[in-house]
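A.B. asks:
Number of protein chains: 2
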Amino acid sequence: MTVPQTLYQELLSRVSKAALLGSCGAVLSWDRETYMPVGGNEHRANQLSLLAGVGHQWSTDPRIGELLDQLADSELADAPDADSTVNIREIRRTYDRSKKLPQRLVEELSRVTALAQHHWAESRGTGDFDSFAPWLSQIIDLKKEEAVAVGFSDDGEPYDALLDEYEPGVSSADIASVFAALRQEVVPLLDAIRGAERQPDTSLLARPYPVAQQAELGRRAAEAIGFDFQRGRLDVTTHPFCSGFGPGDCRLTTRYDESFFPSAFFGTLHESGHGMYEQGLPADAYGTPMGSSVSLGIHESQSRLWENLVGRSRSFWEHFYPPAQRAFPDALGNTSLDDFHFAINAVNPSFIRVEADEVTYNLHIMLRFDLERDLISGKLKPLDVPEAWNARFTSDFGITPTTHAEGCLQDVHWSAGLLGYFPTYALGNMYAAQFFAAAEEQIGDLQRLFAVGDFAPLLEWLRQNIHQHGQRFSANRLVEVVTGTPLSNRPLIEQLSSRFRPLYGV
Amino acid sequence: MTVPQTLYQELLSRVSKAALLGSCGAVLSWDRETYMPVGGNEHRANQLSLLAGVGHQWSTDPRIGELLDQLADSELADAPDADSTVNIREIRRTYDRSKKLPQRLVEELSRVTALAQHHWAESRGTGDFDSFAPWLSQIIDLKKEEAVAVGFSDDGEPYDALLDEYEPGVSSADIASVFAALRQEVVPLLDAIRGAERQPDTSLLARPYPVAQQAELGRRAAEAIGFDFQRGRLDVTTHPFCSGFGPGDCRLTTRYDESFFPSAFFGTLHESGHGMYEQGLPADAYGTPMGSSVSLGIHESQSRLWENLVGRSRSFWEHFYPPAQRAFPDALGNTSLDDFHFAINAVNPSFIRVEADEVTYNLHIMLRFDLERDLISGKLKPLDVPEAWNARFTSDFGITPTTHAEGCLQDVHWSAGLLGYFPTYALGNMYAAQFFAAAEEQIGDLQRLFAVGDFAPLLEWLRQNIHQHGQRFSANRLVEVVTGTPLSNRPLIEQLSSRFRPLYGV
Chain A
983 MTVPQTLYQE LLSRVSKAAL LGSCGAVLSW DRETYMPVGG NEHRANQLSL LAGVGHQWST
1043 DPRIGELLDQ LADSELADAP DADSTVNIRE IRRTYDRSKK LPQRLVEELS RVTALAQHHW
1103 AESRGTGDFD SFAPWLSQII DLKKEEAVAV GFSDDGEPYD ALLDEYEPGV SSADIASVFA
1163 ALRQEVVPLL DAIRGAERQP DTSLLARPYP VAQQAELGRR AAEAIGFDFQ RGRLDVTTHP
1223 FCSGFGPGDC RLTTRYDESF FPSAFFGTLH ESGHGMYEQG LPADAYGTPM GSSVSLGIHE
1283 SQSRLWENLV GRSRSFWEHF YPPAQRAFPD ALGNTSLDDF HFAINAVNPS FIRVEADEVT
1343 YNLHIMLRFD LERDLISGKL KPLDVPEAWN ARFTSDFGIT PTTHAEGCLQ DVHWSAGLLG
1403 YFPTYALGNM YAAQFFAAAE EQIGDLQRLF AVGDFAPLLE WLRQNIHQHG QRFSANRLVE
1463 VVTGTPLSNR PLIEQLSSRF RPLYGV
Chain B
983 MTVPQTLYQE LLSRVSKAAL LGSCGAVLSW DRETYMPVGG NEHRANQLSL LAGVGHQWST
1043 DPRIGELLDQ LADSELADAP DADSTVNIRE IRRTYDRSKK LPQRLVEELS RVTALAQHHW
1103 AESRGTGDFD SFAPWLSQII DLKKEEAVAV GFSDDGEPYD ALLDEYEPGV SSADIASVFA
1163 ALRQEVVPLL DAIRGAERQP DTSLLARPYP VAQQAELGRR AAEAIGFDFQ RGRLDVTTHP
1223 FCSGFGPGDC RLTTRYDESF FPSAFFGTLH ESGHGMYEQG LPADAYGTPM GSSVSLGIHE
1283 SQSRLWENLV GRSRSFWEHF YPPAQRAFPD ALGNTSLDDF HFAINAVNPS FIRVEADEVT
1343 YNLHIMLRFD LERDLISGKL KPLDVPEAWN ARFTSDFGIT PTTHAEGCLQ DVHWSAGLLG
1403 YFPTYALGNM YAAQFFAAAE EQIGDLQRLF AVGDFAPLLE WLRQNIHQHG QRFSANRLVE
1463 VVTGTPLSNR PLIEQLSSRF RPLYGV
């Protein structure tokens, strides 16, 4: 090997070792949500804090900085889009970011959020915000400290530093302007739908759907779209998530509501979308940028694409409605495919983000984005969150949460320290629509394939165009490379219009 | 703080940090056996090897040696049986042992055994020893290397070094002589029982016992004897085990056989016994010797005590037989308590160690002890294990395994690198009998308490006399301190005689 190659191998070995350690923490976090007995909470927090601390030490080892410096002028760093150049570029980016975080802050964030999630779950159960408030307050303080440590541009704001962790290169101002434009299109569509004469009968989704059959149908659908259960599992948690531990092991979770069909089914498709992205990353590049997902927005595009653009399409149900009727003869035996399809595409302001329809969903995100920005800038005090939440919710949705469990306590994110994360959900919706439009153009009639249960061409297209590239392209560039045009809200708006206007006859 | 106190605190902090990291590995190992998808095997091996390597680095950090040297002459190391003296003594012992193991060997053992367990499970499934042989061979080589690295006394043998990991201070010669004496007593008892006219009807245990009811009854029994499910769980695995992750989190596993009642039920009691020991260790001493179990033999004494001396007693079933009959009306509705009690105490040479009766059980251990000793000395080649196993089994039990799954492939231990571990099971039986006799003498009529479902006084006695002491006493000394006499095989022989002779009328 040449000298640069030797240095490059050492660099990869160091970062992938840190990633391997991080993946141990992922197993422990997954277990905490799925199977850990309540008594294990404190010890688990100590374990996670230890792993986070050591991981941070390793990924900020000055030797990584030396290697990066030595490689900066080598040809390995000078071949745009080549694996080595991508790895060196992205390792530099995360290294520079991590270096700014004091070890103490990393360990404390890990420990506090591990404990806070437990308290959040309790508060959510009782609806008592006040007992969660001190935890939120502590977390906001730590995240403010993180934002200051990471830094942001002169014309930016602290929240930018947090956003950057999840969607590199995107600023609060960018998001604000994208959201404003989206809102301008969504609100009139929503008004038209709410004024429509034709309305779906959503009560049919609230009939009894036995959990065992839901689990079976959900698993069958996940398998059909391409999630590989030899290399993953599906379990039950309060808050659904997907965690890719590494090659060959990706964990999904969902939650079952016996009297509401969509939660678990579309949740399972959603997490399967995340999981298939994880399963499609190059295994031999594990632990390096070339084996990692691009950003949370791109990750979310994969989940939303399968959940909504595939899973709520009429053609998908042409294939899946007969088995669904067999699984739930009491609930669906006498219901037509059209009525069912209309019901699962019902648009209706509602309290819970993860169960929101596609039209109102992004309004849920905009609310969180604005609140988070104010929390980090200090304009909003943690104790005042419930009031601010309810006021904004009422003005955006025309309804007011009656409990904090269906209001500001509904999401796990804040207790987990994930501030700056929510906006990636809305970005994911936009990426998803744009990718899907490109896929449809390139593959041909996807709906015809879905109708016969053939999802392989779409998955293969995503693997080739997105998954296999790891972090070769930034999110923005990936969109351009794959679709030929920069990110735009047009595909999403067109998707929503072309699917919901005919359904509602507006 | 005085200087020695400062040094002592640093010492404790270093070893408990290594223990905390080790407990992360325990979570990953547990997950591998319970929920990990098959595709995760390779990645999990890498994770475990990384953690083992780092843990070894930490626990052999020269700074620990310095601290131990500096503390050696302080008063903290000079108060027999005081916490600090115990901690310094035991940290010194493990440090000296760990120091002898090369980092490479530790990582390789971890990686190879993680992979080998997977191959063992496959070979056990098919009964094909040959495909497992290369793994066994590799593990034996690594364990031989370990034995040489650790060393043994001039009149000893390499196997001593392996034994010492699990039962500190016990040699192969000790075990051989204890086993010879035990065999002399057990064989005539077994012969008498096999010649008895009265024999139990064991077919009643092989009626259909629905798994859901087995799980419910097992959990209820585990709770009744004192296992705390707020601080633990019970899951299903191929090979039952107990893993204490740390304070507040102890995992048990069992396996259900719909047409054989004893497997899961007594397995659950057995693992609960281990679990209650873990739950009884002082939480505030976590990660230090004072918060750790004494030896595997003492650990096994706790499991065998609850499984056999409590769980197979007639008085236990005076309390539990009515709910068992309600749980299994088809199987037990018309069966008398006496017949049931005789059946669960049936003595019969059989192939599977974990399902062996108490009389033949120790013969299973003696076979493994002799084979392991020969494997490590090189007298027996791994490829020749099946032949040696079957020959010895036939001579000891009068029956020959028809498949390797019921022969030399039945146990997970070798694939997990646990050589020198089996003898602790037989020691555990002896400790258990001796502890139980002392408890009965000190508490009074235990049988009367069991008959009304009151197991708390026994558990409390074990907590006070054994659990709370951590490693204050060595195994040998603990037996003396608690029972007033050194370890002896008399209590076990008396237990077996007094329980089985009347049952069989011999």
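For the protein sequence lines, the chains are A and B, in the order given.
Every letter in the first sequence is one number past the one before it in the numbering used here, and letter 287, counting from 1, is 1269.
Every letter in the second sequence is one number past the one before it in the numbering used here, and letter 57, counting from 1, is 1039.
C-beta atoms are modelled at their ideal positions from N, C-alpha and C, and glycine is treated no differently.
In three-state terms, what does DSSP make of residue 1485 of chain B?
C.D. replies: In the structure shown, residue 1485 of chain B sits in a helix (DSSP, three-state: H, G or I).
A.B. asks: By the criterion of Cβ-Cβ separation under 7 Å, what are the contact partners of residue 1211 of chain A in chain B?
C.D. replies: Going along chain B in sequence order, the residues near residue 1211 of chain A (Cβ under 7 Å) are 1019.
A.B. asks: If you reduce the DSSP assignment to three classes, tell me which class residue 1220 of chain A lands in.
C.D. replies: In the structure shown, residue 1220 of chain A sits in coil (DSSP, three-state: anything other than H, G, I, E or B).
A.B. asks: Any beta carbon of chain A sitting closer than 7 Å to that of residue 1231 of chain B?
C.D. replies: Yes - at least one Cβ of chain A is within 7 Å of the one on residue 1231 of chain B.
A.B. asks: Could you tell me the distance, in whole angstroms, from the CA atom of residue 1008 of chain B to the CA atom of residue 989 of chain B?
C.D. replies: Approximately 29 Å between the Cα atoms of the pair.
A.B. asks: Is there at least one Cβ from chain A nearer than 7 Å to residue 1218 of chain B's Cβ?
C.D. replies: No, no contact with chain A.
A.B. asks: For chain A, check one thing: does any of its Cβ atoms lie closer than 7 Å to the Cβ of residue 1214 of chain B?
C.D. replies: So yes, residue 1214 of chain B belongs to the interface.
A.B. asks: With burial defined as no fewer than 16 other Cβ atoms inside 10 Å of the residue's Cβ, what is the status of residue 1393 of chain A: buried or exposed?
C.D. replies: Burial call: buried.
A.B. asks: Assign residue 1365 of chain B to one of two classes, buried (16 or more other C-beta atoms within 10 Å of its C-beta) or exposed (fewer than that).
C.D. replies: The residue in question, residue 1365 of chain B, is exposed, as its Cβ has fewer than 16 Cβ neighbours within 10 Å.
A.B. asks: For residue 1315 of chain B, I'd like the list of residues in its chain whose CB is within less than 8 Å of its CB, leaving aside the five on either flank, ordered along the chain.
C.D. replies: Counting only Cβ-Cβ distances below 8 Å, and skipping sequence neighbours, we find 1307.
A.B. asks: How is the beta strand (DSSP E) around residue 1233 of chain A delimited, first residue to last?
C.D. replies: Segment 1231-1236, the beta strand (DSSP E) holding residue 1233 of chain A.
A.B. asks: From this set, B/1418, B/1197 and B/1273, which residue's C-alpha is nearest residue 1236 of chain B's C-alpha?
C.D. replies: When each option's Cα is compared against that of residue 1236 of chain B, the closest is B/1197.
A.B. asks: Entirely within the segment 1101-1149 of chain B and at least 4 residues each: give me those alpha helix (DSSP H) ranges in chain order.
C.D. replies: Within the segment 1101-1149 of chain B, the complete alpha helix (DSSP H) runs of at least 4 residues are 1115-1132 and 1140-1148.
A.B. asks: Quick check on the DSSP output: the alpha helix (DSSP H) that includes residue 1006 of chain A runs from which residue to which?
C.D. replies: First-last of the alpha helix (DSSP H) with residue 1006 of chain A: 985-1016.
A.B. asks: Quick check on residue 1029 of chain A - is its C-beta less than 7 Å from some C-beta in chain B?
C.D. replies: Yes, contact with chain B.
A.B. asks: Let's test the definition: count the other Cβ atoms within 10 Å of the Cβ of residue 1185 of chain B and tell me whether it reaches 16, buried, or not, exposed.
C.D. replies: Exposed, because fewer than 16 other Cβ atoms sit within 10 Å of the Cβ of residue 1185 of chain B.
A.B. asks: Check whether the Cβ atoms of residue 1172 of chain B and residue 1325 of chain B lie closer than 7 Å to each other.
C.D. replies: Contact: no.
A.B. asks: Can you tell me which of A/1352, A/1178, A/1267 and A/1482 puts its alpha carbon nearest to the alpha carbon of residue 1327 of chain A?
C.D. replies: When only C-alpha atoms are compared, the closest one is A/1482.
A.B. asks: Would you say residue 1451 of chain B faces chain A, with C-beta separation under 7 Å as the test?
C.D. replies: Residue 1451 of chain B does not count as touching chain A.
A.B. asks: Using a Cβ cut-off of 7 Å (strictly closer), state whether residue 1025 of chain A contacts chain B.
C.D. replies: Chain B, which has a Cβ nearer than 7 Å to the Cβ of residue 1025 of chain A, makes this yes.
A.B. asks: Quick check: the segment 1395-1409 of chain B against the segment 1342-1350 of chain B, are there 3 or more CB pairs under 8 Å?
C.D. replies: Cβ pair count under 8 Å is three or more, so yes.
A.B. asks: Pick from A/1147, A/1131, A/1122 and A/1156: whose alpha carbon is nearest that of residue 1137 of chain A?
C.D. replies: Nearest option by C-alpha distance: A/1156.
A.B. asks: Measure the C-alpha to C-alpha separation of residue 1035 of chain B and residue 1086 of chain B and round it to an integer number of angstroms.
C.D. replies: Approximately 8 Å, taken between the alpha carbons.
A.B. asks: Using the beta-carbon count (16 or more within 10 Å), is residue 1151 of chain B buried or exposed?
C.D. replies: The residue is exposed, with fewer than 16 neighbouring Cβ atoms inside 10 Å.
A.B. asks: Taking 7 Å as the threshold (C-beta atoms), are residue 1297 of chain A and residue 1432 of chain A in contact?
C.D. replies: Yes.
A.B. asks: Enumerate in chain order the residues of its own chain whose CB-to-CB distance from residue 959 of chain B is below 7 Å, with the five nearest sequence positions on each side excluded.
C.D. replies: Beyond the ends of chain B as shown, which are 983 and 1488, falls residue 959 of chain B; an answer cannot be given.
A.B. asks: Below 8 Å on C-beta distance, what does residue 1263 of chain B contact in chain A?
C.D. replies: Within chain A, no residue comes near residue 1263 of chain B; the closest Cβ sits about 13 Å away, beyond 8 Å.
A.B. asks: How big is the Cα-Cα spacing for residue 1052 of chain A and residue 1121 of chain A?
C.D. replies: One C-alpha to the other measures close to 38 Å.
A.B. asks: So which residues of chain B does residue 1224 of chain A contact, with C-beta pairs closer than 7 Å?
C.D. replies: The contacting residues do not exist; residue 1224 of chain A stays about 14 Å from chain B at best.
A.B. asks: Looking only at its own chain, which residues have a Cβ that is under 7 Å from the Cβ of residue 1396 of chain B, when we skip the five neighbours before and after it?
C.D. replies: Contacts found: 1118 and 1121.
A.B. asks: Is residue 1251 of chain A closer than 7 Å to residue 1289 of chain A when the C-beta atoms are compared?
C.D. replies: Contact flag set, yes.
A.B. asks: Report the rounded CA-to-CA distance for residue 1371 of chain A versus residue 1092 of chain B, giving the unit in angstroms.
C.D. replies: Straight-line Cα distance between these residues: approximately 51 Å.
A.B. asks: Does any residue of chain B bring its CB to less than 7 Å from the CB of residue 1013 of chain A?
C.D. replies: Closer than 7 Å to some Cβ of chain B, the Cβ of residue 1013 of chain A qualifies, so yes.
A.B. asks: With DSSP as the reference, label residue 1225 of chain A as helix, strand or coil.
C.D. replies: Three-state DSSP puts residue 1225 of chain A in a strand.
A.B. asks: Can you tell me whether residue 984 of chain B is buried or exposed, with buried defined as 16 or more other CB within 10 angstroms of its CB?
C.D. replies: So residue 984 of chain B ends up on the exposed side.
A.B. asks: At a CB distance below 9 Å, what residues from the segment 1158-1186 of chain B approach chain A? Give them in sequence order.
C.D. replies: Under the 9 Å Cβ criterion, the segment 1158-1186 of chain B contributes no residue.
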